[in-house]
Amino acid sequence: MALKLYGAAMSPCTSRVMTCLHEKEADFELIPIDLFAGEHKQLPFLAKNPFGQIPALEDGDLSLFESRAISAYVAEKYKEAGHDLIRCQSLKEAAEVKVWMEVESQQYHPAISPIIFQFFAAPLQGKVPDQAIIDENLEKLGKVLDVYEEKLSRTKYLAGDFYSLADLFHLSFTYYFMKTPCANLINERPHVKAWWEDISSRPAFQKVASAMTFGEKGN
Amino acid sequence: MKVHGYPLSTVTQRVLACLYEKDVEFQFVNVDMVAGEHKSPNFLPLNPFGQVPAFEEGDLKLFESRATTHYIAHEYADKGTQLLLPGSNKTMAVFQLWKEVEAHQFDPPSTKLVFELRYKPHFGMTTDTAVVEEYEAKFAKVLDVYEARLAESKYLACDHFTLADLHHLPTVQYLLGSSAKKLFDSRPHVSAWVADITARPAWSKVMGMLKQ
Chain A
1 MALKLYGAAM SPCTSRVMTC LHEKEADFEL IPIDLFAGEH KQLPFLAKNP
51 FGQIPALEDG DLSLFESRAI SAYVAEKYKE AGHDLIRCQS LKEAAEVKVW
101 MEVESQQYHP AISPIIFQFF AAPLQGKVPD QAIIDENLEK LGKVLDVYEE
151 KLSRTKYLAG DFYSLADLFH LSFTYYFMKT PCANLINERP HVKAWWEDIS
201 SRPAFQKVAS AMTFGEKGN
Chain B
1 MKVHGYPLST VTQRVLACLY EKDVEFQFVN VDMVAGEHKS PNFLPLNPFG
51 QVPAFEEGDL KLFESRATTH YIAHEYADKG TQLLLPGSNK TMAVFQLWKE
101 VEAHQFDPPS TKLVFELRYK PHFGMTTDTA VVEEYEAKFA KVLDVYEARL
151 AESKYLACDH FTLADLHHLP TVQYLLGSSA KKLFDSRPHV SAWVADITAR
201 PAWSKVMGML KQ
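Going down the list, the protein sequences come from chains A and B. Residue numbers for the first sequence follow the UniProt record's numbering, so the first one is 1 and each next one is one higher. Residue numbers for the second sequence follow the UniProt record's numbering, so the first one is 1 and each next one is one higher.
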């Protein structure tokens with residue numbers, strides 16, 4: 001039975017999970033949730049995620065939410081297929097992957113997410129992007145990227161010389177970031193830039209990126 | 001095993017709680033945050049983000065408290081308290097989910113409240129009551145979800161204490177000593193869960209370190 005993913009193809013958190021599903025060659029069905037109609041804040045969706053956020057996943061009688069938890073489940077369930085995203089054979093490598101997954105969650109995401117919100121979501125609420133918020137978070141993101149630049153000068157990917165879930169978690173928000181006038185933060189750091197070009201060119205992400213058209217005319 | 005940290009730091013306490021639950025030997029190395037030691041060239045190789053805690057075991061170096069607890073709980077799965085939810089991928093997924101909820105839903109508003117209600121007074125700064133009001137409202141909505149979950153499950157991930165519950169301990173303890181305690185008291189299942197997890201002997205050992 002195929003997995004059911006409830007979300008929106010344009011949404012970075014939904015895209016995070018879909019990228020993982022493609023890397024693991026897992027069968028799934030995307031069931032669109034109409035954000036503009038507020039479908040994610042009402043039943044029946046609220047029963048799938050009481051926090052009223054997409055995505056949510058159903059696998060038979062298992063119901064999950066939180067994109068990173070869903071992705072970790074998919075990576076584990078389909079560990080024999082596709083790319084080894086979680087380093088199953090080595091607890092030490094798996095621990096390094098966990099460190100950089102936490103870094104994405106606790107350092108990278110809090111800095112990049114408000115920038116994406118200001119450029120893509122605020123205009124939909126009739127607001128002009130708040131430059132003060134953008135500038136404040138660009139400064140934070142720059143400091144995080146300095147750490148990434150140093151790490152990526154020593155290892156090809158974040159957790160080591162292997163592509164992992166830690167790298168994958170960065171894809172969807174960074175993809176939107178690269179469409180803003182702030183993309184220089186990535187492009188000015190040679191190792192970060194090379195890493196970004198590598199991970200964003202993976203076929204599994206390319207499949208997802210083509211639908212990530214948030215903010216473009218006609219959407 | 002070495003933990004480099006600061007006893008008052010919530011994230012340091014998270015790792016210490018895990019180590020005490022697993023009943024493993026470790027050495028605590030104090031990092032003088034008031035003197036800015038966590039930003040010094042000596043410390044940065046242990047955590048390039050200049051934050052406590054940092055963890056060493058042999059040549060393995062880790063940072064980020066939740067990655068550290070994950071490693072400890074797996075490496076020492078056979079010792080002390082069972083902090084994981086072994087079984088099928090499905091049970092592990094539910095466990096992972098509630099750890100993510102702590103990180104992304106519970107932690108942001110609660111650490112903001114800890115900063116305003118506990119940290120600022122401690123360091124002679126003025127609490128911003130407008131921020132407190134805003135974040136208590138956000139935190140209350142999160143706790144409503146917890147109340148519903150804990151009405152159907154004794155602990156967050158399942159019927160026994162796991163890392164999903166443990167990760168909340170340091171922030172919960174700080175908020176119990178603040179006006180935000182009322183948000184727990186008015187929710188019977190949350191209140192019972194808070195009382196239960198903060199009464200664990202391993203947690204008392206962490207609190208005991210503060211008295212030294």
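Beta carbons: idealized from backbone N, C-alpha and C, even for Gly. Note that the structure is a prediction, hence the values are computed from the model and not measured.
Name the residue from A:L158, A:E29, A:Q131 and A:Y108 whose alpha carbon lies nearest to the alpha carbon of A:I86. Against the first sequence, residue 86 of chain A aligns to sequence position 86. Residue A:L158 is the option with its Cα nearest to A:I86.
So, B:H4 versus B:V24, is the Cβ gap smaller than 8 angstroms? One-based indexing of the second sequence puts residue 4 of chain B at position 4. One-based indexing of the second sequence puts residue 24 of chain B at position 24. Not a contact, by the Cβ cut-off of 8 angstroms.
What residues from the segment 100-123 of chain B come within 7 angstroms of chain A, judged by C-beta to C-beta, listed N to C? E100, V101, A103, H104 and Q105
With a cut-off of 8 angstroms, do at least 3 Cβ pairs link the segment 97-108 of chain B to the segment 62-82 of chain A? yes
Should B:F139 be flagged as near chain A, meaning a C-beta pair shorter than 8 angstroms? Residue numbering aside, residue 139 of chain B sits at position 139 when the second sequence is read from its first letter. So no, B:F139 is outside the interface.
State yes or no: is the C-beta of A:K4 within less than 8 angstroms of the C-beta of A:E58? As a working note, residue 4 of chain A is residue 4 in the first sequence. As a working note, residue 58 of chain A is residue 58 in the first sequence. For A:K4 and A:E58, yes; Cβs fall inside 8 angstroms.
If contact means a Cβ-Cβ distance below 7 angstroms, which residues of the UniProt domain "GST N-terminal" (1-80) of chain B contact chain A? P48, F49, L60, L62, F63, E64, R66, A67, H70, Y71, H74 and E75
With distances taken Cα to Cα, identify the nearest neighbour of B:R118 among B:M209, B:A35 and B:P170. Locating residue 118 of chain B in the second sequence gives position 118, counting from the first residue. Nearest C-alpha to B:R118: B:P170.
B:L169: contacting residues in chain A (beta-carbon distance under 8 angstroms): Start at 1 with the first residue of the second sequence, and residue 169 of chain B comes out as number 169. Chain A residues near B:L169: none, gap ~18 angstroms exceeds 8 angstroms.
Quick check on B:F43: does DSSP put it in helix, strand or coil? Along the second sequence, read from residue 1 onward, the residue named residue 43 of chain B stands at position 43. It is coil, neither helix nor strand.
Can you list, in chain order, the residues of its chain whose CB lies under 7 angstroms from that of B:A157, leaving out five sequence neighbours each side? Within the second sequence, residue 157 of chain B is the residue found at index 157, counting from 1. The answer, listed in chain order, is L85, V94, F95, W98 and A164.
Here's the rule I'm using: 16 or more other beta-carbon atoms within 10 Å means buried, otherwise exposed. How should A:K127 be labelled? Taking the first sequence and counting its residues from 1, the one referred to as residue 127 of chain A is at position 127. Exposed: under 16 other Cβ atoms inside 10 Å.
Boundaries of the alpha helix (DSSP H) in which B:N89 is found, first to last residue: As a position in the second sequence, residue 89 of chain B is number 89, starting the count at 1. Segment N89 to V101, the alpha helix (DSSP H) holding B:N89.
Can you give me the C-alpha to C-alpha distance between B:K120 and B:D128, rounded to a whole angstrom? Along the second sequence, one-based indexing puts residue 120 of chain B at 120. Along the second sequence, one-based indexing puts residue 128 of chain B at 128. Taking the straight line from one Cα to the other gives about 9 angstroms.
Euclidean distance between Cα positions of A:F45 and B:L60: The residue you call residue 45 of chain A lines up with position 45 of the first sequence. The residue you call residue 60 of chain B lines up with position 60 of the second sequence. Roughly 42 angstroms separates the two Cα atoms.
Name the two residues that bound the continuous alpha helix (DSSP H) containing A:N184. The residue given as residue 184 of chain A occupies position 184 in the first sequence. From DSSP, the alpha helix (DSSP H) with A:N184 extends over N184 to N187.
Closest by CA to A:I33, which one among A:P55, A:E216, A:L165 and A:A47? Numbered from 1 along the first sequence, position 33 holds the residue referred to as residue 33 of chain A. When only C-alpha atoms are compared, the closest one is A:P55.
Where do the N-terminal and C-terminal ends of the alpha helix (DSSP H) with A:V103 fall, by residue? Within the first sequence, residue 103 of chain A is the residue found at index 103, counting from 1. Element bounds for A:V103: L91 to V103.
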